[in-house]
Each structure stands twice: as C-alpha cells, then as structure tokens.
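Q:
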Amino acid sequence: MDIEQPQFELTESAFLTLLVKHEPALRAYARSLVPDWDLVDEALQEASVTMWQKRGQLESSDGFVPWARVILRFKCLRQVEKLRSQRPLLSDEVLAKLADRGESRSAEVAAARGKALHECLGQFSAEHRELLLAPHSGATSVVALAERREKTPNALYKLLGRLREQLADCIRLKLPAEIL
Numbered sequence: 025m026d027i028e029q030p031q032f033e034l035t036e037s038a039f040l041t042l043l044v045k046h047e048p049a050l051r052a053y054a055r056s057l058v059p060d061w062d063l064v065d066e067a068l069q070e071a072s073v074t075m076w077q078k079r080g081q082l083e084s085s086d087g088f089v090p091w092a093r094v095i096l097r098f099k100c101l102r103q104v105e106k107l108r109s110q111r112p113l114l115s116d117e118v119l120a121k122l123a124d125r126g127e128s129r130s131a132e133v134a135a136a137r138g139k140a141l142h143e144c145l146g147q148f149s150a151e152h153r154e155l156l157l158a159p160h161s162g163a164t165s166v167v168a169l170a171e172r173r174e175k176t177p178n179a180l181y182k183l184l185g186r187l188r189e190q191l192a193d194c195i196r197l198k199l200p201a202e203i204l
C-alpha cells in the first residue's frame, strides 16, 4: 500500500515572495559571473521567467536558492557568450570556478552581512535609522523627510552620507576579513 506524499505547490504569491527575498543574493551571484550590470539584469529577468515556467520542479521552498542558482548560472553563461563576441573574457573554466566559489560562499556571506547590518543599524537613533532606510524603503523620500524635519534636502543628504560612512565602518568592524 503506497502512501502518496503531498506534492509541494508553489503559488504565484509564494514564488514572488521567494524571488524578491533572495533577489539580492541571486544578483550578487550573477554579478560574480557576468562583468556587466545590464547583462546581469537581463540574465535575472530571463532566469525569473524560466524559474516561473519550471516552478513545478521545486520540491520545497528551502531548495529555492540552489535551484534558482542553477537556472541563473545557465542564463549568465548565455550572456557571457554574447559578450565574447564583443570583447575577450575569462575562460569557461575560470568562470565555472568563480561560480562554484560564489555558490558555496554566498549564503554564509549574506547571512554574516545581514547580521552585521542589523546589529549596526541598532546602534543608530530611530531618526537616523529612518533616514538611512528611507532611500530603500520606498515609504518616504529624503526630500519628504527634509520637509517634515524642516531641513533642506541638501543638509539631509549630507547627513545621510555621513551616516552611511558610519554604518559601513561599523559593518567592516563586525565582519571577518575574508568576507570583506
């Protein structure tokens, strides 16, 4: 008597959540293979379409990143072939070594960087944290914050620059040298 295991079904919402969550790591991985940001974007776009089409192959959400990297790797290699016709590039062997190295280190590096970022952001006041996160959140702009705080946008951008330097210094101190 065979007991049939329930099959993992990746809904559109779950797929998009996974894709958005892991997009920075996938982008970094693609950039380790492709020396041009426009082609990285193109590879990611093509890989996203392929991932959506092949989502039935995914057995669990925990396997999303390794599965996505395999698809992205092939799309990146295709972009590299386009570049080869325009200019000399690294050999396939060197690219494969870079890809393998990127796969093994990217998850641990991303986790370490995320932890350091979280710890360092916690050292800033709520007002400074809001300013640091404003350009990335989409919820409010630096210009809107300047108006609300009765400061000029230029003054706030200068403060933002100083805060970013402090944040970067803090992160550098928290990360092991081999991750930097």
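My numbering numbers the first residue of the sequence shown as 25 and each following residue consecutively.
Even glycine gets a Cβ: it sits at the ideal position worked out from N, Cα and C.
Measuring only the C-alpha atoms, how far is HIS46 from VAL167?
A: For the purposes of this step, residue 46 is taken as the residue at position 22 of the sequence shown. For the purposes of this step, residue 167 is taken as the residue at position 143 of the sequence shown. Distance between the alpha carbons of HIS46 and VAL167 is about 29 Å.
Q: Hey, LEU169 and LEU156 are a contact pair by Cβ (cut 8 Å); roughly how many whole angstroms apart?
A: Within the sequence shown, numbered from 1, the residue matching residue 169 stands at position 145. Within the sequence shown, numbered from 1, the residue matching residue 156 stands at position 132. Rounded, the Cβ-Cβ distance is 11 Å, inconsistent with contact.
Q: What residue from PRO159, VAL64, SER72 and PRO48 has the CA that sits closest to LEU101's CA?
A: Translated into the one-based positions of the sequence shown, residue 101 becomes position 77. The shortest Cα separation from LEU101 among PRO159, VAL64, SER72 and PRO48 belongs to VAL64.
Q: Any idea what DSSP makes of GLN6, helix, strand or coil?
A: Residue 6 falls outside the range modelled here, since the chain spans only 25 to 204, and no answer is possible.
Q: Please classify ALA92 as buried or exposed, where buried requires at least 16 neighbouring CB atoms within 10 angstroms.
A: Along the sequence shown, one-based indexing puts residue 92 at 68. Per the 10 Å Cβ criterion, buried.
Q: Please return the same chain residues whose Cβ sits closer than 6 Å to the Cβ of LEU145, not counting the five positions on each side in sequence.
A: Along the sequence shown, read from residue 1 onward, the residue named residue 145 stands at position 121. Within the same chain, LEU145 has close Cβ partners ARG153.
Q: Can you name, in chain order, every residue of its own chain whose Cβ lies under 8 Å from the Cβ of LEU199, other than the five neighbours on each side?
A: Residue numbering aside, residue 199 sits at position 175 when the sequence shown is read from its first letter. Around LEU199: ALA136, ARG137 and ALA140.
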